[in-house]
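Peer 1:
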């Protein structure tokens, strides 16, 4: 199995700054800079990094999207802290030789993904209540670890991870939001959620409490899979059925960057009321596979 990764981020049509951040970190014996990060990276906040990332034939990878909140520049500080904390964890993890074909499900390091997110949460929480308080700063986060046989997801907030398999799109994370709670208790139907004015009220985020519950799961991977991580700047503007139709164009010969750009363009065409971040991963049988 080999992986191709791509990311796009855009400030949208109405916001003055981009408070989203993302990470694309690959593992494998391939040339090129790594890790890559985005959001503020277009202004050089994390070294010499590009907001548009395209990496081919990685053996494994870590993808992260964080959507900051808190007003002014505070949201960007929170989302950047989350991305950097997870990046630092993954860099330390890579110091030990690893076989990308091994059964990572039995490796306790998988649980460290939630630990890394927990550390990021505590750091943001401490800044919120420290001597130089930035009260109200927080961020959502979704993270995806991709290996040869398995994928590990982690989620806090209402940023999302989707899996498109055999042309069908499925949201594999659950939003931590008021709307999700209303759906769960059958107060509203899923068809009503997209237009509900309260859909941006979240019930869980990094930085709000000293500890945070991180939802994690392990899923299988197959050749042809397309994984999407995104902030709500995409999903608030574009229905799942339109996302599904767009991802159907991401066949093995299609340019993944073009597909990501079309998703961002769709969100902007619908109004672009928030920052938009899209990270894609496409799986193909290749020399890295087992």
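Residue numbers (the numbering used here): 101 to 390. Even glycine gets a Cβ: it sits at the ideal position worked out from N, Cα and C.
Compute the Euclidean distance between the alpha carbons of residue 358 and residue 246, then round it to the nearest angstrom.
Peer 2: Counting from one through the chain shown, the residue named residue 358 turns up at place 258. Counting from one through the chain shown, the residue named residue 246 turns up at place 146. Their backbone Cα atoms lie some 22 Å apart in a straight line.
Peer 1: Tell me, please, whether the stretch 276–283 touches the stretch 319–331 by the rule of three or more beta-carbon pairs shorter than 8 Å.
Peer 2: Touching, no, given that fewer than three Cβ pairs across the two stretches are closer than 8 Å.
Peer 1: Whose CA, out of 270, 288, 385, lies closest to the CA of residue 342?
Peer 2: On the chain shown, residue 342 is found 242 positions in, with the first residue counted as 1. Nearest C-alpha to residue 342: 270.
Peer 1: Taking the alpha carbon of residue 338 as the reference point, which residue from 170, 224, 374 has its own alpha carbon closest?
Peer 2: Along the chain shown, read from residue 1 onward, the residue named residue 338 stands at position 238. The candidate whose alpha carbon is nearest that of residue 338 is 374.
Peer 1: What is the DSSP secondary structure of residue 333, counted as helix, strand or coil?
Peer 2: For the purposes of this step, residue 333 is taken as the residue at position 233 of the chain shown. Helix.
Peer 1: Which ranges does the alpha helix (DSSP H) cover as unbroken runs of at least 4 residues, wholly within the stretch 260–291, from first to last along the chain?
Peer 2: DSSP runs (the alpha helix (DSSP H)) wholly in the stretch 260–291: 278–284.
Peer 1: Express the C-alpha separation of residue 262 and residue 252 in angstroms, rounding to a whole number.
Peer 2: In the chain shown, counting from the first residue as 1, residue 252 sits at position 152. In the chain shown, counting from the first residue as 1, residue 262 sits at position 162. Going by the C-alpha atoms only, they are around 13 Å apart.
Peer 1: So residue 254 and residue 217 are supposed to be a Cβ contact under 8 Å. How far apart are they, rounded?
Peer 2: Residue mapping note: residue 254 aligns to position 154 of the chain shown, counting from 1. Residue mapping note: residue 217 aligns to position 117 of the chain shown, counting from 1. Going by Cβ atoms, the distance from residue 254 to residue 217 rounds to 6 Å, so yes, they are a contact pair.
Peer 1: Could you tell me which of 212, 372, 227, 192 sits nearest to residue 64, measuring between CA atoms?
Peer 2: With the chain running from 101 to 390 in the structure shown, residue 64 is simply not present.
Peer 1: Less than 8 Å between the beta carbons of residue 256 and residue 165, yes or no?
Peer 2: The residue you call residue 256 lines up with position 156 of the chain shown. The residue you call residue 165 lines up with position 65 of the chain shown. No, these two residues do not count as a Cβ contact at 8 Å.
Peer 1: Who does residue 125 pair with in a DSSP beta bridge?
Peer 2: Counted from its first residue, the chain shown places residue 125 at position 25. Answer is 162, bridged to residue 125.
Peer 1: Using alpha carbons as the reference points, say which of 288, 267, 259, 268 lies closest to residue 276.
Peer 2: Position 176 of the chain shown holds residue 276. Ranking 288, 267, 259, 268 by Cα distance to residue 276 puts 259 first.
Peer 1: In chain order, what residues of the same chain lie with their CB nearer than 8 Å to the CB of residue 361, ignoring the 5 residues before and after it?
Peer 2: As a first step, residue 361 must be located in the chain shown, where it is residue number 261. Around residue 361: 108.
Peer 1: Just to confirm the assignment, what range does the beta strand (DSSP E) spanning residue 345 have?
Peer 2: As a first step, residue 345 is located in the chain shown; it is residue number 245 there, counting from the start. Note, residue 345: premise wrong, no beta strand (DSSP E); alpha helix (DSSP H) at 340–347.
Peer 1: To the nearest angstrom, how far is the alpha carbon of residue 182 from that of residue 346?
Peer 2: Along the chain shown, read from residue 1 onward, the residue named residue 182 stands at position 82. Along the chain shown, read from residue 1 onward, the residue named residue 346 stands at position 246. Using only the alpha carbons, I get a separation of about 29 Å.
Peer 1: Got a sec? Which residues, its chain only, sit under 6 Å from residue 265 by beta carbon, not counting five neighbours each side?
Peer 2: Here residue 265 refers to the residue found at position 165 when the chain shown is read from its first residue. Contacts found: 325.
Peer 1: Across which residues does DSSP place residue 190 in a beta bridge pair?
Peer 2: By one-based count along the chain shown, residue 190 stands at place 90. DSSP lists no partner for residue 190.
Peer 1: Could you tell me the distance, in whole angstroms, from the CA atom of residue 226 to the CA atom of residue 242?
Peer 2: Your numbering for residue 226 matches position 126 in the chain shown. Your numbering for residue 242 matches position 142 in the chain shown. Cα-Cα distance, rounded: 21 Å.
Peer 1: Which whole-angstrom value describes the C-beta separation of residue 236 and residue 170, a residue pair presumed to lie in contact below a C-beta threshold of 8 Å?
Peer 2: Taking the first residue of the chain shown as position 1, residue 236 is located at position 136. Taking the first residue of the chain shown as position 1, residue 170 is located at position 70. Going by Cβ atoms, the distance from residue 236 to residue 170 rounds to 5 Å, so yes, they are a contact pair.
Peer 1: May I ask you to report which of helix, strand or coil DSSP gives residue 211?
Peer 2: Residue mapping note: residue 211 aligns to position 111 of the chain shown, counting from 1. Of the three classes helix, strand and coil, the one that applies to residue 211 here is helix, per DSSP.
Peer 1: How is residue 140 classed by DSSP in three states: helix, strand or coil?
Peer 2: Taking the chain shown and counting its residues from 1, the one referred to as residue 140 is at position 40. Caution applies to residue 140, whose pLDDT of 41 falls short of 50 and renders its modelled position unreliable; the model cannot decide the point.
Peer 1: Based on the DSSP output, what are the partners of residue 102 in its beta bridges?
Peer 2: To locate residue 102, count along the chain shown from 1; it is residue 2. Bridge partners of residue 102: 384.
Peer 1: In angstroms with no decimal places, state the Cα-to-Cα distance between residue 117 and residue 176.
Peer 2: As a first step, residue 117 is located in the chain shown; it is residue number 17 there, counting from the start. As a first step, residue 176 is located in the chain shown; it is residue number 76 there, counting from the start. Roughly 9 Å separates the two Cα atoms.
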